[in-house]
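Residue numbers (the UniProt record's numbering): 1 to 715.
Structure follows, in structure tokens:
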């Protein structure tokens, strides 16, 4: 008891906490180290002789003081936290306070920065591209493959040779594969070593993106171009000006106004009977896409469908169908994927909902109003300059949402406050040199906890990176290869894609090339056209697997040798998916009629799955059918509404309009309160009772037992 009392006294001493901080132990590490140290003293049968003497002096003689324990405490802390021995070196490596200094080539020239600021459909990007076309050499950096592809096409059509570079694709303008003076690329792929006359950085406001913002920061600070043309929202002007002040470069701002008028209507659509040609209904979940498109078809109208997980070719085909004045398809149903990257002839944007489901870091469902920036970007797609509609209109589906939509659209977009950063492979390699026994996930954690950034920057969210690092941790790979696998552009909500990455990494570690035949066996190629929604979702996942193969093929050419063959079958798969999307309402009907009672085929993608669930589904070593792997795991429970505005109208709409349709089982499944497995168990129990002639609910004890079992499963 005396020993424990003195140990706790040691822990509470401010002087000891200060000494701990000086030696790299912040409050969290200090606490963990103390718990371990206390356990070692109290439970170890062989405490070292010198520590035994000190404890004796402190507890039973007047000569000792609890502060005398500090050297022993620090020695113990260094055993459980090896990084404490090299803390100064690690702090230097993770010092992110001067990002401009990472790009000496860009700092060696005086660059001219021109910011083209304006809303959607204001011509800002058009003016930047005109300068790009007139330059001797240039690079266009965009957020999407579709945008890079569009600029690639336009530039070559203007007789300016231009290459296309994305994570999965290289297309050369010259037949001999010589690099053209102009390049259109996705922003992550831009080179900071190649000199250009002009660079265009599109959608600069994405520099604040929690996951991808680092790519815009890198391009803005690092591109070696005489002129940098930055396009995007005016909300980013101040931050870009401040960042360029640190590099000694001035920013010229050119403001643009919308080229066609945009009107927020005073009335909601209220019924799909009121649809007109050129209307686009914007939904924030696949389930709503399916539901709305089915209801439109029931009214004898054709509609095009666009959502994020569709392949680029299918999106373009659906956009072309909608834009074609001779096509009977006059209505578009889409997610926020139309916010950028597609040229669409839309007369009126109709928000099916103004709340968007998300999952918090704790894995809880949250419903929040769409931010003003996103609402303006989507609304601005109506009445595109040069299209058949000379002015755009915006409204909501439901009357109770319209007042709130007007509020959102009238608010000023909050200024962009900080630019994203991400640790480089070189920094992580230096960390690994100092901490050879740490896992990659731990290295990243330690890096972020020690990193120092100034107020204009933030460290990007590394959850996806850590998720993949944990998933492939047990596979023996060298650090550089492991880092590359963990940066693969992969949606961790797709278990089939995660499982494939795991198999890729395992075979890669055995030095066995991933051949075309292996990939065909794994994906069961050739694949037939989908007969229901579940099959369509699986085909989309297979398309992502082919993307993953192509992405890895450019980083490990010898281990992923069949990129050309994979690209060929990916084009065929895109055509198959196009057939499915053209017949999407038939697939929805087939799904609903073919499902078991209460299990109408509704893809559980309204809410991203949390990390734990996805990992459990993806890190399965046994052979599982693609169908089984594409079934979404149980969604976390809906907990709270983050934005107070949504509690008034948004939640009522979501609860009553979206979740209120169909049977009770259907509603519980959609809300994530019931899983397919629980439903099967309930059906099985009901059938057992029916066979045994028990039509009631049984005894009180039976009820309690069933309640307890169901509770366990939900947990």
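Glycine included, each C-beta is placed from N, C-alpha and C at the ideal position.
Other residues of its chain near residue i: CB distance less than 7 Å, five sequence neighbours each side excluded
| i | result |
| --- | --- |
| residue 219 | 141, 187, 190, 201 |
| residue 19 | 70 |
| residue 484 | 555 |
| residue 23 | 74, 84 |
| residue 184 | 140, 148, 151, 152, 155, 162, 164 |
| residue 336 | 282, 284, 374, 378 |
| residue 560 | 514, 549, 552, 553 |
| residue 454 | 97 |
| residue 195 | 224 |
| residue 307 | 286, 289, 334, 335, 337 |
Residue i (DSSP reduced to helix, strand or coil)
| i | result |
| --- | --- |
| residue 369 | strand |
| residue 417 | coil |
| residue 14 | helix |
| residue 22 | helix |
| residue 170 | strand |
| residue 96 | coil |
| residue 320 | helix |
| residue 136 | coil |
| residue 520 | helix |
| residue 493 | coil |
| residue 118 | coil |
| residue 90 | helix |
| residue 195 | strand |
| residue 262 | strand |
| residue 125 | helix |
| residue 47 | coil |
| residue 182 | strand |
| residue 581 | helix |
| residue 113 | strand |
| residue 1 | coil |
| residue 66 | helix |
Residues near residue i in its chain [Cβ-Cβ closer than 6 Å; skip 5 each side]
| i | result |
| --- | --- |
| residue 546 | 566, 570 |
| residue 100 | 221, 246, 247 |
| residue 37 | 73, 76 |
| residue 372 | 408, 411, 413 |
| residue 300 | none |
| residue 583 | none |
| residue 68 | 54 |
| residue 256 | 118, 122, 123, 124 |
| residue 91 | 450 |
| residue 87 | 24 |
| residue 34 | 11 |
| residue 465 | 486 |
| residue 424 | none |
Cβ distance (whole Å) where residue i is taken to contact residue j below 8 Å
| i | j | result |
| --- | --- | --- |
| residue 182 | residue 122 | Contact doesn't hold; Cβ gap of about 24 Å is too wide. |
| residue 349 | residue 379 | 5 Å |
| residue 48 | residue 447 | 33 Å between Cβ atoms; not a contact. |
| residue 276 | residue 198 | Contact doesn't hold; Cβ gap of about 42 Å is too wide. |
| residue 268 | residue 398 | 6 Å |
| residue 66 | residue 9 | 5 Å |
| residue 506 | residue 440 | Contact flag wrong, Cβ pair sits at about 16 Å. |
| residue 61 | residue 3 | About 13 Å; that fails the 8 Å criterion. |
| residue 114 | residue 254 | 6 Å |
CB contact below 9 Å: residue i versus chain D
| i | result |
| --- | --- |
| residue 311 | Given the protein chain composition of this structure (a single chain), no chain D is represented. |
Own chain, CB closer than 8 Å to residue i, minus 5 neighbours either side, in chain order
| i | result |
| --- | --- |
| residue 427 | 93, 94, 447 |
Query raised in the report: On the three-pair Cβ rule with 8 Å, is the segment 163-172 touching the segment 540-555?
Result: yes
Query raised in the report: Any chance the segment 39-54 sits against the segment 20-31, with 3 or more Cβ pairs inside 8 Å?
Result: no
Query raised in the report: Quick one: any contact between the segment 453-461 and the segment 103-120, if contact means 3 or more CB pairs under 8 Å?
Result: no
**Report entry** Secondary structure, beta strand (DSSP E): runs of 3+ residues fully inside the segment 325-357
**Finding:** 331-334, 348-351
Query raised in the report: Looking at C-beta atoms only, is the number of pairs between the segment 111-130 and the segment 382-393 that lie closer than 8 Å three or more?
Result: yes
Report task. Report the residue ranges of all beta strand (DSSP E) runs contained in full by the segment 377-408; include only those spanning at least 3 residues, in chain order. Result -> Under the rule that a run must span 3 or more residues, the beta strand (DSSP E) segments found entirely inside the segment 377-408 read 392-396.
Query - Every unbroken beta strand (DSSP E) within the segment 197-256, with a cutoff of 3 residues, ordered by chain - result: 224-232, 251-255
Report task. Could you tell me whether the segment 208-219 touches the segment 78-91, where touching means 3 or more Cβ pairs closer than 8 Å? Result -> no
Query raised in the report: Between the segment 283-297 and the segment 315-325, do three or more beta carbon pairs fall short of 8 Å?
Result: Contact between the segment 283-297 and the segment 315-325 is absent, because fewer than three Cβ pairs lie under 8 Å.
Report task. Would you check if there are 3 or more beta carbon pairs closer than 8 Å linking the segment 438-447 to the segment 226-234? Result -> no
Query raised in the report: Any chance the segment 515-522 sits against the segment 465-483, with 3 or more Cβ pairs inside 8 Å?
Result: no
Query - Cβ contact (3+ pairs, closer than 8 Å) linking the segment 144-152 and the segment 107-118 - result: no
Query raised in the report: What beta strand (DSSP E) runs, 3 residues minimum, are completely inside the segment 427-503?
Result: 457-459
Requested in this report: Enumerate, from N- to C-terminal direction, the unbroken alpha helix (DSSP H) stretches of 4 or more residues contained entirely within the segment 524-558.
Outcome: 533-553
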